[in-house]
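Novice:
Protein chains: 2
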Amino acid sequence: MEDKWLVGVDLGGTTIKLAFISMYGEILHKWEIPTNISESGKHITLDIAKAIDKKLHELGEMKQRLLGIGMGAPGPVDLTTGVIYEAINLGWKNYPLKDLLEVETGLPVIVDNDANIAALGEMWKGAGEGAKDLVCVTLGTGVGGGVIANGEIVHGVSGAAGEIGHITVVPHGGAPCNCGKTGCLETVASATGIARLAREALAKSEESQLSQLEMVTSKDVFEAAEADALAKQVVEEMASYLGLAIANISNIMNPEKVVIGGGVSKAGDALLNPVQRYFEQYAFSRVAKSTKLAIATLGNDAGVIGGAWLVKTKIGQH
Amino acid sequence: MEDKWLVGVDLGGTTIKLAFISMYGEILHKWEIPTNISESGKHITLDIAKAIDKKLHELGEMKQRLLGIGMGAPGPVDLTTGVIYEAINLGWKNYPLKDLLEVETGLPVIVDNDANIAALGEMWKGAGEGAKDLVCVTLGTGVGGGVIANGEIVHGVSGAAGEIGHITVVPHGGAPCNCGKTGCLETVASATGIARLAREALAKSEESQLSQLEMVTSKDVFEAAEADALAKQVVEEMASYLGLAIANISNIMNPEKVVIGGGVSKAGDALLNPVQRYFEQYAFSRVAKSTKLAIATLGNDAGVIGGAWLVKTKIGQH
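Here the protein sequences come in this chain order: A and B.
If you're matching positions, the first sequence starts at 1 in full-length UniProt numbering and goes up one per residue.
If you're matching positions, the second sequence starts at 1 in full-length UniProt numbering and goes up one per residue.
#1: With 16 as the cutoff for other CB atoms within 10 Å, does B:Met1 come out buried or exposed?
#2: Could you tell me if B:Met215 is buried or exposed, where buried requires 16 or more neighbouring beta carbons within 10 angstroms of its beta carbon?
#3: Give the interface partners of A:Leu244 over in chain B, defined as CB-CB distance under 8 Å, in chain order.
#4: Measuring alpha carbon to alpha carbon, tell me which of A:Arg196, A:Ala127, A:Thr35 ends up nearest A:Lys219.
#5: For B:Met123, is the classification buried or exposed, using 16 other Cβ atoms within 10 angstroms of its Cβ as the cut-off for buried?
#6: Output needed for A:Gly75: all residues of its chain with C-beta closer than 6 Å, excluding positions within five of it in sequence on either side, in chain order.
#7: Please name the residue or residues paired with A:Gly144 in a DSSP beta bridge.
#8: Assuming contact is defined by CB atoms lying nearer than 8 Å, are A:Ile167 and A:Ala245 in contact in what I supplied?
#9: Which residues of chain A have a Cβ atom closer than 9 Å to the Cβ of B:Thr291, listed in chain order?
#10: So with Cβ pairs under 8 Å, would you call B:Asn36 a contact of chain A?
#11: Quick one: does B:Ser285 have its CB under 8 Å from some CB of chain A?
#12: So is the beta-carbon of B:Trp5 under 7 Å away from any non-hydrogen atom of the ligand FMN?
#13: Report the partner residues of B:Ser22 according to the DSSP bridge assignment.
#14: Check distances from the C-beta atoms of the segment 245-273 of chain A to those of chain B and list, in chain order, the residues that come in under 7 Å.
#15: Would you verify that the beta carbon of A:Tyr282 is, or is not, closer than 8 Å to some beta carbon of chain B?
#16: Please list the partners that B:Asn94 has in chain A, where partner means a Cβ-to-Cβ separation under 7 Å.
#17: So, B:Val143 versus B:Glu186, is the Cβ gap smaller than 8 Å?
#18: Would you say A:Gly162 and A:Gly151 are within 8 Å of each other, going by their C-beta atoms?
#19: List in chain order: all unbroken alpha helix (DSSP H) runs of 4+ residues lying wholly within the segment 21-106 of chain B.
#20: May I ask you to verify whether the segment 223-241 of chain A touches the segment 273-291 of chain A, counting CB pairs closer than 8 Å and requiring at least 3?
#21: Determine the extent of the alpha helix (DSSP H) in which A:Lys289 is found, giving its start and end residues.
#22: What ranges does the beta strand (DSSP E) occupy inside the segment 236-315 of chain A, keeping only unbroken runs of at least 3 residues that lie completely in it?
#23: Could you work out which residues of chain B lie near A:Glu152, taking near to mean beta carbons separated by less than 7 Å?
#24: Do A:Ile260 and A:Leu293 have their beta-carbon atoms positioned less than 8 Å apart in this structure?
#25: Pick helix, strand or coil for B:Thr187, following the three-state DSSP scheme.
#26: Give every residue of the same chain whose Cβ lies closer than 6 Å to the Cβ of A:Val170, excluding the five residues on either side of it in the sequence, and list them in chain order.
#27: In chain B, which residues lie with their C-beta within 7 Å of the C-beta of A:Gly180?
#28: Just tell me which of A:Ala288, A:Ser290, A:Ala224, A:Leu139 has its CA closest to the CA of A:Gly299.
#29: Is DSSP giving B:Val157 helix, strand or coil here?
#30: Do you know whose CA, among A:Leu230, A:Lys181, A:Asn248, lies nearest A:Lys204's CA?
What follows is the structure, encoded as structure tokens:
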């Protein structure tokens with residue numbers, strides 16, 4: 001069993017990340033293929049099966065080397081059947097991903113939501129450092145989340161647990177969110193949300209180096225924040241909302257770690273320090289002392305490593 | 001095994017509730033003794049041991065009839081050791097409750113926080129109806145909570161999970177809370193919080209039947225709300241905060257049920273209906289459709305039934 005390989009697959013809207021991973025979580029081989037979303041994503045499972053076979057052939061390995069496939073998909077998942085309820089970017093609706101991929105590959109497949117498997121990856125090999133109670137917040141174009149309690153992903157009754165991006169942080173007069181509500185965390189803490197806050201601040205005052213840019217990005221805001229008062233104020237505003245949301249999550253779960261990942265997290269301490277400050281202000285004292293905040297360390301590898309963890313723990317132990 | 005009895009104990013600041021419960025969760029015998037908090041609560045474990053022996057004697061039963069004791073205590077608990085970190089009302093600090101009670105009774109003992117065992121009780125025999133993902137919110141003098149995910153209580157890294165009363169719902173200018181923060185849910189949704197909101201409203205306007213009362217209680221507010229505009233507005237305010245908090249909890253956990261208990265929950269639909277309305281406004285659409293809100297049904301029995309569940313599942317299966 002020790003020399004078996006785990007296959008991690010992280011399915012995104014533009015690329016599919018694949019990796020062969022050892023039973024100890026070491027990435028042995030990792031590669032990407034483009035996501036073919038034509039014809040409502042009907043080619044995706046066959047593309048994955050072919051990519052795995054081709055890589056095995058290149059490496060001179062047999063399929064028996066592989067224990068199974070653990071895969072993250074961009075949408076809510078029915079865990080018992082491996083059906084994707086909906087993945088808007090791929091054109092899938094009630095799509096039997098697990099069954100189709102098992103037929104194409106001849107391997108056992110386990111499927112979960114992409115934010116959840118990223119959380120498992122960070123738990124196993126990343127900033128989570130083995131913490132059995134862990135929450136991941138992913139700040140990208142949107143805001144996603146994965147929640148692990150007692151070492152297991154929390155899915156909830158309809159697979160919608162971990163919708164951290166849709167925690168309401170502006171109950172009155174918040175900006176509209178893609179989900180149909182207003183004032184969601186996503187509207188103020190995603191890359192697009194931060195850019196919007198900056199545009200709103202610039203509409204009130206041009207006294208900022210950001211006013212010279214044609215299009216302000218979240219990255220620009222964090223880079224300017226040290227020297228620029230307006231940029232600093234935008235970071236403070238974003239951090240107060242994110243710190244509030246993380247404090248409230250932590251008052252409910254008291255996780256060992258809250259790991260902040262996604263593109264926005266590349267700001268590092270410029271993000272973490274103000275968020276930590278607001279977290280301490282809003283968290284219950286015992287929670288503020290015991291729950292630690294950290295920046296994710298695995299980057300784009302979190303998904304494939306989390307997928308491998310699922311194979312190891314859910315398939316490898318039968 | 002089927003004819004063994006489970007002992008549930010719910011330790012409060014004024015009374016200790018005890019019950020002998022069947023393996024199927026039926027309460028066979030239930031009684032109370034006063035809580036002796038003199039000398040830093042040092043007599044409590046012996047009092048419990050004597051009460052159990054006395055009841056067995058009355059019933060003509062032997063101690064072998066009892067499988068073990070499951071007990072809730074009013075404070076955070078170290079699960080592995082059964083030590084109560086702190087129970088302010090009892091004068092306990094780092095108190096080895098499990099060990100002492102096992103010595104006094106000769107029975108295996110399992111200890112957890114009182115809000116957590118109440119949640120287990122509601123899961124097993126109450127409004128939870130067996131839901132494996134369940135959150136209980138207890139609205140009493142304070143606001144407590146118990147969180148169950150994948151059928152297990154979520155304790156968190158330092159036993160402070162479920163501190164639902166200290167979710168910040170008024171980030172700016174909120175009232176001071178006993179915990180040292182401001183704007184906690186407890187300051188606006190506990191019995192004392194509701195009374196405070198009513199006093200504040202009455203200080204601005206006396207046009208209310210509540211202004212004739214010497215001291216307004218939470219019960220008065222709910223009873224007056226149908227006919228009295230000021231009382232109705234206080235209920236709306238409270239419900240908006242509670243609905244927001246429950247929506248945000250549900251966006252994180254997507255539980256099958258959120259069960260609202262405690263003295264304030266006796267208001268029934270007068271509480272549940274406005275809270276449901278704000279919950280739907282603030283919850284992610286998929287969560288609003290799948291997570292159900294309900295009033296607790298076990299009342300004061302939730303604790304002893306939850307304690308019995310712990311014995312059945314944690315001791316009965318060894």
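Glycine is no exception: its CB is placed at the ideal position from the N, C-alpha and C atoms.
Specialist: This is what the structure gives:
#1: Only exposed fits B:Met1, as fewer than 16 other CB atoms lie within 10 angstroms of its CB.
#2: Exposed is the call here.
#3: The CB of A:Leu244 comes closer than 8 Å to the CB of Thr168, Pro171 in chain B, given here in chain order.
#4: A:Arg196
#5: buried
#6: Excluding residues within five positions, the ones whose Cβ falls inside 6 Å are Ile84, Glu86, Ala87.
#7: According to DSSP, which records beta bridges pairwise, A:Gly144 is partnered with A:Thr138.
#8: yes
#9: Under the 9 Å cutoff, chain A gives Gly156, Val157, Ser158, Ala160.
#10: no
#11: Yes, B:Ser285 counts as interfacial toward chain A.
#12: Ligands are entirely absent from the displayed structure, and the ligand FMN is therefore not among its contents.
#13: B:Trp5
#14: Ala247, Asn248, Ile249, Asn251, Ile252, Met253, Asn254, Pro255, Glu256
#15: yes
#16: What B:Asn94 touches in chain A: nothing, since even the nearest Cβ is about 14 Å away.
#17: yes
#18: no
#19: 38-41, 44-59, 97-105
#20: yes
#21: For A:Lys289, the uninterrupted alpha helix (DSSP H) run begins and ends at 285-290, by DSSP.
#22: 257-261, 292-295
#23: Asn150
#24: yes
#25: Here B:Thr187 carries a helix assignment [DSSP, helix/strand/coil].
#26: Gly183
#27: Ser285
#28: A:Leu139
#29: coil
#30: A:Leu230
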